[in-house]
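Okay, structure first, notes after.
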Amino acid sequence: MNLSQIVCIALLIIYNSATFASSLLNEELPQSNNLVKAGDKYITLLGYQVNVGDEAPMFKVVNESFVPVNLSDYSDKIVLISAVPSLDTGVCSIQTKRFNEEVANLPKDIQILTISNDLPFAQKRFCKAENIDKITVLSDSVWRDFATKYGILIKDMGLLTRSIFIIDTSGKIAYKELVPNISDHPNYEMALATLKALSPDQKMAGEPKNH
């Protein structure tokens, strides 16, 4: 990709962001005002809240090359989505590295996605610098499709609130955590335990062999 192509893509992102901001006013997205805090103050989340047991909404994001990626691409997997405000911040970085490290301890039928509204260029640099090579890092910066369908877009910031979602192989939400304060870590142990409990591979590994 040459410089002119990169500039064109960047301009397209800016245009889409402006269009999106305008569409928010037109669509009047639902607002959640008492779910998450920044410091000691509640922040407003835009979008449609989902709950455990709901059918997981389909969404479209992009990878490091701006190629669209859909949730349906992982329909044969148990999917953990780790949403972070920005990879360049301390807790987000630790959260992403933690899940990248945990892949080695998980069954093969599990896919971990990290999603943020960082531009793909920044995500690519981060992954290279931090050796993030076992999970898939995706950007919701173009359409905010994931953020609004899962109710985690921070109003007036355009960032994702810190959260974890697990989607089982039937396409239903099996686990949800909106971290109560965006500066805190998610409950890694609970999320990982849920993943392993859902995995047929894990259950088969734990079954006694017949002699």
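Residue numbers (the UniProt record's numbering): 1 to 211. Backbone N, C-alpha and C fix where the C-beta goes; we use that ideal spot for every residue, glycine too.
>> Once the 5 residues before and after P30 are set aside, which same chain residues still bring their CB inside 8 Å of it?
In response: One-based indexing of the sequence shown puts residue 30 at position 30. Result list for P30: L46, G47, Y48, Q49, G151, in chain order.
> When DSSP labels each residue in this structure, what does K149 get in the three-state scheme?
Replying inline: Taking the first residue of the sequence shown as position 1, residue 149 is located at position 149. K149 sits in a helix when the DSSP states are folded into three classes.
> Would you report the Cα separation of K97 and E130, rounded to the nearest angstrom?
Replying inline: On the sequence shown, position 97 is the one that residue 97 refers to. On the sequence shown, position 130 is the one that residue 130 refers to. The alpha-carbon atoms of K97 and E130 are separated by roughly 8 Å.
> Going straight from the alpha carbon of D184 to that of I167, what length do you get?
Replying inline: Here residue 184 corresponds to residue number 184 of the sequence shown, with the count starting at 1. Here residue 167 corresponds to residue number 167 of the sequence shown, with the count starting at 1. Spanning the two alpha carbons is a distance of roughly 23 Å.
> Considering only residues of the same chain and omitting the five flanking positions on each side of K149, which have a CB-CB separation below 7 Å?
Replying inline: The count along the sequence shown starts at 1 and reaches residue 149 at position 149. The answer, listed in chain order, is G47, Y48, P57, F59.
> So, does the CB of Y48 fall closer than 8 Å to a CB anywhere in chain D?
Replying inline: In the structure shown, chain D cannot be found, because there is only a single protein chain.
>> Nearest by alpha-carbon distance to S189: which of F146, L106, K155 is it?
In response: Here residue 189 is taken as the residue at index 189 of the sequence shown, counted from 1. A quick correction: the sequence has Glu, not Ser, at residue 189. Selection F146, L106, K155 evaluated against E189 yields L106 as nearest (Cα-Cα).
>> In this structure, how does DSSP classify L25 when only helix, strand and coil are distinguished?
In response: Along the sequence shown, one-based indexing puts residue 25 at 25. Legend: pLDDT at L25 = 43, less than 50; position of this residue unreliable, value from coordinates given subsequently. DSSP places L25 in helix when its eight states are reduced to three.
>> So, with DSSP's three-state summary, where would you put N105?
In response: Taking the sequence shown and counting its residues from 1, one reaches residue 105 at position 105. In this structure, N105 counts as helix in the three-state DSSP scheme.
>> Short of 8 Å in beta carbon distance, which residues of its chain neighbour A104, apart from the five on each side in sequence? Order them along the chain.
In response: Walking along the sequence shown from the start, residue 104 turns up at place 104. Once the five neighbours on either side are set aside, the close Cβ partners of A104 are K134.
> Which class does A197 belong to by DSSP, given the choice of helix, strand or coil?
Replying inline: Translated into positions along the sequence shown, residue 197 becomes position 197. A197: helix per DSSP, three-state reduction.
> Can you name the residues that DSSP bridges to I173?
Replying inline: As a working mapping, residue 173 is identified with position 173 in the sequence shown. Among the bridge pairs identified by DSSP, I173 is matched with I167.
> Does the separation of the CB atoms of T161 and I182 fall below 8 Å?
Replying inline: As a first step, residue 161 is located in the sequence shown; it is residue number 161 there, counting from the start. As a first step, residue 182 is located in the sequence shown; it is residue number 182 there, counting from the start. Cβ distance < 8 Å, so T161 and I182 count as in contact.
> Based on Cα-Cα distance, which residue from L159, I112, K155, V79 lies nearest to V137?
Replying inline: Walking along the sequence shown from the start, residue 137 turns up at place 137. Of L159, I112, K155, V79, the residue nearest in Cα terms is I112.
> Cα-Cα, which of V36, I78, N34, I43 is closest to K196?
Replying inline: Translated into positions along the sequence shown, residue 196 becomes position 196. Residue I78 is the option with its Cα nearest to K196.
> What did DSSP end up calling A129 once you bin it into helix, strand or coil?
Replying inline: As a working note, residue 129 is residue 129 in the sequence shown. Correct three-state label for A129: helix.
>> Distance check for A122 and D156, CA to CA, integer angstroms please.
In response: Position 156 of the sequence shown, counting from 1, holds the residue named residue 156. Position 122 of the sequence shown, counting from 1, holds the residue named residue 122. Rounded to whole angstroms, D156 and A122 show a C-alpha spacing of 21 Å.
> Does DSSP put T96 in a helix, a strand or coil?
Replying inline: Here the question's residue 96 lines up with position 96 in the sequence shown. In the displayed model, T96 falls within a helix according to three-state DSSP.
>> Beta-carbon within less than 8 Å of S86's beta-carbon, same chain only, minus the 5 sequence neighbours each way: which residues are those?
In response: To locate residue 86, count along the sequence shown from 1; it is residue 86. Only residues of its own chain outside the window of five on either side were considered, and among them C92, S116, N117, D118, L159 have a CB closer than 8 Å to the CB of S86, listed in chain order.
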